[in-house]
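>
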Ligand code: HEM
Ligand code: HEM
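Numbering (this note's numbering), first residue to last: 262 to 553.
1) Could you give the residue range of the alpha helix (DSSP H) that holds residue 462?
2) Within 6 Å: the Cβ of residue 546 and any heavy atom of ligand 3?
3) Rounded to whole angstroms, what is the Cα-Cα separation between residue 435 and residue 449?
4) Assuming contact is defined by CB atoms lying nearer than 7 Å, are residue 370 and residue 328 in contact in what I supplied?
5) Residue 314 and residue 320: beta carbons closer than 7 Å?
6) Mapping the DSSP letters down to three states, classify residue 532 as helix, strand or coil.
7) Looking only at its chain, what residues have a beta carbon closer than 6 Å to the beta carbon of residue 281, apart from the 5 residues adjacent to it on each side?
8) Using CA coordinates, which residue listed in 380, 420, 391, 368 is at the minimum distance from residue 512?
9) Based on Cα-Cα distance, which residue from 493, 516, 492, 479 lies nearest to residue 501?
10) Restricting to runs no shorter than 4 residues, where is the alpha helix (DSSP H) found entirely within the segment 287–370?
11) Assuming residue 504 and residue 482 make a contact with CB atoms under 8 Å, what is their CB distance in whole Å?
12) Any contact between the segment 437–446 and the segment 492–499? By contact I mean 3 or more CB pairs, one from each, below 8 Å.
13) Considering only residues of the same chain and omitting the five flanking positions on each side of residue 430, which have a CB-CB separation below 7 Å?
14) What number of angstroms, rounded off, separates the C-alpha of residue 552 from the C-alpha of residue 530?
15) Exposed or buried, what is residue 545 when buried is set at 16 or more other beta-carbons lying within 10 Å of its beta-carbon?
16) Taking contact to mean 3 or more Cβ pairs, one atom from each stretch, closer than 8 Å, check whether the segment 457–470 and the segment 535–549 are in contact.
17) Does DSSP put residue 387 in a helix, in a strand, or in coil?
18) Closer than 6 Å: is that where the CB of residue 387 sits relative to any heavy atom of ligand 1?
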């Protein structure tokens with residue numbers, strides 16, 4: 262979790278500095294310029310050829326090579342990220358260029374295809390590219406809104422305090438369960454010993470905690486026969502109250518974990534789809550030359 266926490270800090274800092282606005286949208290301008298030129302040349306060539314230039318025309322080759330070069334360069338961001346020592350600024354420039362040049366592929370690669378799509382490896386490469394771009398778009402959304410949601414959810418409470426609250430409620434439960442009979446004590450032990458705060462990545466992402474031990478313990482406690490003595494009635498009411506407080510504390514911590522998981526989830530599409538794209542691209546290029 263320290264990794265996720267550090268990542269979030271880093272993300273927040275980067276969003277604050279604004280890689281989207283880097284140097285007055287320099288990369289947005291360069292990327293749009295590229296697209297405008299490509300569209301212009303495409304339509305002029307289409308008029309001259311009296312048909313849309315396909316991937317096999319001179320313009321198709323130019324756009325295809327440019328797109329493939331860009332894709333390889335974009336894919337190198339992972340390496341670049343890990344090689345960064347203290348160049349925070351240059352990384353910001355890289356991410357800015359990455360986002361806008363990545364988006365420009367929607368135009369460049371589409372023009373390259375000459376709008377010819379089918380059930381083949383060429384269109385597979387194209388689809389994977391669009392998947393990478395779409396997940397990147399989701400990443401931008403995540404980086405821009407989720408850090409705010411994180412701080413809004415937790416208010417002034419730190420992660421450490423959330424965990425301490427849950428631990429302290431467990432200690433109080435232990436104490437309050439003393440007067441209960443065996444079946445009551447077993448229920449409380451279930452809540453104390455078997456409650457998982459986070460769980461696996463998928464569970465944190467979906468926030469599905471139906472089988473949460475504390476929740477089940479609450480249901481079982483409610484189903485217990487009402488005790489006979491006043492003292493036992495009070496003891497049961499007390500543990501039920503404590504379990505409710507624990508449920509609230511768990512919900513807060515889990516919402517926090519869910520947002521942190523969302524901050525990384527899109528990379529689980531973005532990165533593997535990048536590798537698949539590179540493979541499909543190689544197949545595309547090899548197959549076009551093989552059938553030449
Ligand atoms: C060095 C880079 C590339 C070269 C040399 C290249 C070459 C070609 C050629 C020669 C064609 C025409 C094939 C035909 O008419 O049957 C073509 C079509 C196509 N290319 Fe590329 N390409 C490159 C990069 C890309 C990239 C980056 C993508 C997308 C990610 C892509 C997707 C497509 C698609 C979807 C078609 C249309 C296929 C069809 O006609 O059914 N290509 N490419
Ligand atoms: C075909 C085009 C693209 C490829 C091949 C690609 C590939 C990659 C790779 C390999 C990484 C490094 C991930 C890591 O190691 O943590 C990355 C990061 C990233 N990509 Fe892309 N990407 C593409 C397009 C886009 C687009 C269009 C966007 C935004 C709309 C985008 C947004 C991002 C962001 C925000 C990061 C994270 C940067 C960071 O954590 O500092 N990508 N991309």
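The beta carbon of each residue, even a glycine, is placed where N, CA and C say it ideally should be.
Considering the structure as presented:
1) Along the chain shown, one-based indexing puts residue 462 at 201. 462–467 is the span of the alpha helix (DSSP H), which, as asked, contains residue 462.
2) Ligand 3 is not part of this structure, which contains only ligand 1 and ligand 2.
3) In the chain shown, counting from the first residue as 1, residue 435 sits at position 174. In the chain shown, counting from the first residue as 1, residue 449 sits at position 188. Those two C-alpha atoms are separated by around 7 Å.
4) Position 109 of the chain shown, counted from the first residue, corresponds to residue 370. Position 67 of the chain shown, counted from the first residue, corresponds to residue 328. Closer than 7 Å, so yes.
5) Residue numbering aside, residue 314 sits at position 53 when the chain shown is read from its first letter. Residue numbering aside, residue 320 sits at position 59 when the chain shown is read from its first letter. At a Cβ-Cβ threshold of 7 Å, residue 314 and residue 320 count as neighbours.
6) If you number the chain shown from 1, residue 532 lands on position 271. Three-state result, residue 532: helix.
7) The residue given as residue 281 occupies position 20 in the chain shown. Correct list: empty, nothing qualifies.
8) Here residue 512 refers to the residue found at position 251 when the chain shown is read from its first residue. Residue 420 is the option with its Cα nearest to residue 512.
9) Counted from its first residue, the chain shown places residue 501 at position 240. Of the listed residues, the one whose Cα sits closest to residue 501 is 479.
10) Complete alpha helix (DSSP H) runs here, min 4: 319–336, 338–344.
11) Your numbering for residue 504 matches position 243 in the chain shown. Your numbering for residue 482 matches position 221 in the chain shown. About 7 Å; that satisfies the 8 Å criterion.
12) Yes, since at least three Cβ pairs between the segment 437–446 and the segment 492–499 fall closer than 8 Å, the two stretches touch.
13) Here residue 430 corresponds to residue number 169 of the chain shown, with the count starting at 1. Excluding residues up to 5 positions away in sequence, 503, 506, 507, 510 lie with their Cβ nearer than 7 Å to the Cβ of residue 430 in the same chain.
14) Walking along the chain shown from the start, residue 552 turns up at place 291. Walking along the chain shown from the start, residue 530 turns up at place 269. Distance between the alpha carbons of residue 552 and residue 530: 32 Å.
15) As a first step, residue 545 is located in the chain shown; it is residue number 284 there, counting from the start. It counts as buried.
16) Touching, no.
17) On the chain shown, residue 387 is found 126 positions in, with the first residue counted as 1. Reduced to three states, the DSSP call for residue 387 is helix.
18) Indexing the chain shown from 1 puts residue 387 at position 126. Yes; taking the cut-off as 6 Å, the Cβ of residue 387 has a heavy atom of ligand 1 nearer than that.
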